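Chains A and B supply the protein sequences, listed in that same order. The first sequence runs 1328 to 1475 under my numbering. The second sequence runs 431 to 846 under my numbering. For each residue, glycine too, the CB sits at the ideal point set by N, CA and C. Computed from a predicted structure; not experimentally measured. The structure appears below as structure tokens.
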Amino acid sequence: MSIEEIQNEIIEEFSMFDCGEDSGDSWTAKYEHLIEMAKELPAMDEKFKTEENIVRGCQSRVWLHAYQEKGNLKFLADSDALVTKGLVALMVRVLSDHKPSDISKAELFFIEKIGLREHLSPTRSNGLLAMIKQMKLYGLAFHQKQMD
Amino acid sequence: MQVSPSIKLTENDIMKIRNDFPLLSQKVHGKPLIYLDNASSSQKPKQVIDAISNYYLNEHSNVHRGVHYLSSAATEKYEAVREKIRKFLNAASSCEIIFTKGTTDSINLVASSFGKKFIQKNDEIIISEMEHHSNIVPWQMICDERGAKIRVIPINDNGEILMDEFNNLLNEKTKIVAVSHISNTLGTINPVKEIIYLSHKRNIPVLIDGAQAIPHLKVDVKELDADFYCFSSHKAYGPTGVGVLFGKEKWLNEMPPYQGGGDMIKSVTFEKTIYNELPQKFEAGTPPIAGVVGLGAAIDYINNIGFDFILERENELLEYATKKLLNIKGLKIYGNSKNKGAAISFLLDGIHPYDVGVILDQLGIAVRTGHHCTQPLMERFRIAGTVRASFAFYNTREEIDQLVSGLEKAKKLLGN
Ligand SMILES: Cc1ncc(COP(=O)(O)O)c(C=O)c1O
Chain A
1328 MSIEEIQNEI IEEFSMFDCG EDSGDSWTAK YEHLIEMAKE LPAMDEKFKT
1378 EENIVRGCQS RVWLHAYQEK GNLKFLADSD ALVTKGLVAL MVRVLSDHKP
1428 SDISKAELFF IEKIGLREHL SPTRSNGLLA MIKQMKLYGL AFHQKQMD
Chain B
431 MQVSPSIKLT ENDIMKIRND FPLLSQKVHG KPLIYLDNAS SSQKPKQVID
481 AISNYYLNEH SNVHRGVHYL SSAATEKYEA VREKIRKFLN AASSCEIIFT
531 KGTTDSINLV ASSFGKKFIQ KNDEIIISEM EHHSNIVPWQ MICDERGAKI
581 RVIPINDNGE ILMDEFNNLL NEKTKIVAVS HISNTLGTIN PVKEIIYLSH
631 KRNIPVLIDG AQAIPHLKVD VKELDADFYC FSSHKAYGPT GVGVLFGKEK
681 WLNEMPPYQG GGDMIKSVTF EKTIYNELPQ KFEAGTPPIA GVVGLGAAID
731 YINNIGFDFI LERENELLEY ATKKLLNIKG LKIYGNSKNK GAAISFLLDG
781 IHPYDVGVIL DQLGIAVRTG HHCTQPLMER FRIAGTVRAS FAFYNTREEI
831 DQLVSGLEKA KKLLGN
């Protein structure tokens, strides 16, 4: 699936939780789902949780490791906070295992569509925004390397 | 509203007080706001908001600069707040009250100006392990500049200063002691009077970071015999952007100005500038006049409610919340000093504070999560951060009940 298709799939998945305007519990189901995904994210090997791989947020920490396999760029990631880790899992699902140039050019619209945009606000300072930037930079760097 | 101190308040009175704070009736994520982040910044009563808007609508002009009607009126108003704060703190003279941008600015002023005059190579500055970064970094900066050293008073597991250790740190190289009156993270009320007494026995001046104390208890700088006392308006029901430095005249007179500019001078030629007298010497440039006016209204508001009531009310909330929170299995409170202000830091076993904050936010509950600008203190307790609920007199028991059920919900969602 392309980056766009995966995003649409996630939007579809999350639309189940939007049962009406003021249904007070839709957020609970949404966060339950997010936390579920955090718990399902394959554990990141401790050897990758290095100072170098840390994406510093003030409130929670995110680790990101990038490597190449068969021309595609892949990511391993983790966070010490569960909610952040859920979003990290989503980002990995969307961006991992694609061509570096596709990753660097990707337009990420799904976070907004599933109503979790507030988690990308710089004031949250949870490391997510920095992680996305870092993922795209990896895309750019690996793409350059392939061109050389 | 006006409350006379001896009268016991009913929940009805609290509702009237809450009505003074328009923002408290807001909804967040479709739920009534529960504001438990007062130690970061308190909300503002409409008396303060009105004072600021009235100032801009009818009274604004620059201060100390014009002979015209508005300028004299604004100057009078501005200086009247200075006098009000002198009285509020029981300072000897209004020239000892300097308007700053806030606590951080006040501490930087002292660190820089006092430091330039009095701190030499190998001198020592004593601070405590629980200080806010604002009461650490400015001292580090002047230490770097002068080749001086910071010495740190350790605390015990309850979050109390070890007074014997403090006494042992004092020596002939100590040039100043800087400690917080109340810890923003642990809520500890420090024995500042004793700290000042012990320091003065060796002729060492003391700066008190009163950011967390001013909204909660009566501060009398004369009785404390503090040399410097700092606070921020925005934590005490006033506007942002303004704060106060109280300094004893004898120190302020000896200290060089902090910043140069208009208002702080008597005469300027390109060869030599004669500095103005106190307090203008430390107030370069156009001050935050509207902010000062708003702070004046906040002080009036606090005085009307009265510290007797504030203290009683907040102690009651603290006690109630502590009891309720400790009923939650796996919850640990950080900061268990005997003498404690209305802030509780805690962690739920195995759950990241950020996650707790996110879930509570969804429920309309505002708490602070993280290291609270006290990273060395977090290090001391070997944690990355805490969740902090901090109370003001306008909070209610129902809000604390909501917090508790929010935490139960967070536990259910996030627990393993
Ligand atoms: C104990 C303490 N000191 C200093 C400060 C800094 O205050 P401000 O940011 O208003 O300058 C704070 C505020 O968080 C505080 O709690």
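Cβ distance (whole Å) where residue i is taken to contact residue j below 8 Å
i               : j               : result
residue 1370(A) : residue 782(B)  : Not quite, the Cβ-Cβ distance comes to about 16 Å (not below 8 Å), so this is no contact.
residue 617(B)  : residue 770(B)  : 5 Å
residue 612(B)  : residue 646(B)  : 7 Å
residue 1430(A) : residue 1400(A) : 6 Å
residue 732(B)  : residue 666(B)  : 7 Å
residue 825(B)  : residue 741(B)  : 14 Å between Cβ atoms; not a contact.
residue 401(B)  : residue 693(B)  : Here chain B comprises residues numbered 431 to 846, so residue 401(B) is not present and cannot be evaluated.
residue 644(B)  : residue 661(B)  : 4 Å
residue 794(B)  : residue 463(B)  : 5 Å
residue 843(B)  : residue 1359(A) : 6 Å
Cβ neighbour criterion (16 or more within 10 Å) applied to residue i
i               : result
residue 845(B)  : exposed
residue 1339(A) : exposed
residue 594(B)  : exposed
residue 486(B)  : exposed
residue 698(B)  : exposed
residue 893(B)  : Residue coverage of chain B in this structure runs from 431 to 846, which leaves residue 893(B) outside it and unanswerable.
residue 685(B)  : buried
residue 1404(A) : buried
residue 773(B)  : buried
residue 1328(A) : exposed
residue 498(B)  : exposed
residue 522(B)  : exposed
residue 816(B)  : buried
residue 800(B)  : buried
residue 1472(A) : exposed
residue 455(B)  : exposed
residue 820(B)  : buried
Whole-angstrom distance between residue j and residue i, CA atom to CA atom
i               : j               : result
residue 1387(A) : residue 1334(A) : 24 Å
residue 780(B)  : residue 761(B)  : 10 Å
residue 1357(A) : residue 529(B)  : 48 Å
residue 806(B)  : residue 775(B)  : 15 Å
residue 719(B)  : residue 657(B)  : 26 Å
residue 628(B)  : residue 654(B)  : 12 Å
residue 669(B)  : residue 460(B)  : 27 Å
residue 606(B)  : residue 709(B)  : 22 Å
residue 443(B)  : residue 730(B)  : 18 Å
residue 840(B)  : residue 1354(A) : 13 Å
residue 674(B)  : residue 810(B)  : 30 Å
residue 798(B)  : residue 739(B)  : 26 Å
residue 477(B)  : residue 1421(A) : 51 Å
residue 475(B)  : residue 722(B)  : 15 Å
residue 850(B)  : residue 491(B)  : Since the displayed chain B opens at 431 and closes at 846, residue 850(B) lies outside it and no answer follows.
residue 1427(A) : residue 540(B)  : 53 Å
residue 663(B)  : residue 728(B)  : 8 Å
residue 435(B)  : residue 749(B)  : Summary for residue 435(B): the model assigns pLDDT 49, below 50, so the residue's position carries little reliability, and this model does not support an answer.
residue 1398(A) : residue 1456(A) : 26 Å
residue 481(B)  : residue 566(B)  : 35 Å
residue 765(B)  : residue 560(B)  : 10 Å
Chain B contact residues for residue i, given Cβ-Cβ distances below 7 Å
i               : result
residue 1353(A) : Per Cβ cutoff of 7 Å: no residues; residue 1353(A) is ~10 Å from chain B at best.
residue 1386(A) : 784, 799 and 800
residue 1335(A) : What residue 1335(A) touches in chain B: nothing, since even the nearest Cβ is about 26 Å away.
Chain A residues whose Cβ lies nearer than 7 Å to that of residue i
i              : result
residue 785(B) : 1408, 1409 and 1410
residue 788(B) : 1410
Beta-carbon neighbours of residue i, restricted to chain A and to distances below 8 Å
i              : result
residue 843(B) : 1355, 1358, 1359 and 1362
9 Å Cβ cutoff met for residue i and residue j
i               : j               : result
residue 877(B)  : residue 469(B)  : Summary: the structure shown does not reach residue 877(B), with chain B confined to residues 431 through 846, and so no result is reported for it.
residue 467(B)  : residue 796(B)  : yes
residue 510(B)  : residue 493(B)  : no
residue 1413(A) : residue 1462(A) : no
residue 744(B)  : residue 676(B)  : no
residue 1419(A) : residue 1402(A) : yes
residue 1433(A) : residue 1330(A) : yes
residue 515(B)  : residue 724(B)  : no
residue 777(B)  : residue 833(B)  : no
residue 682(B)  : residue 526(B)  : yes
residue 1441(A) : residue 1337(A) : yes
residue 549(B)  : residue 581(B)  : no
residue 531(B)  : residue 651(B)  : no
Residue i: contacting residues in chain B (beta-carbon distance under 9 Å)
i               : result
residue 1380(A) : By Cβ distance, chain B contributes nothing, its closest Cβ being about 17 Å from residue 1380(A), past 9 Å.
residue 1399(A) : Those within 9 Å of residue 1399(A) in chain B number zero; the least Cβ separation is about 32 Å.
Amino acids of chain A, ordered along the chain, whose beta-carbon sits closer than 9 Å to that of residue i
i              : result
residue 792(B) : 1354, 1355 and 1358
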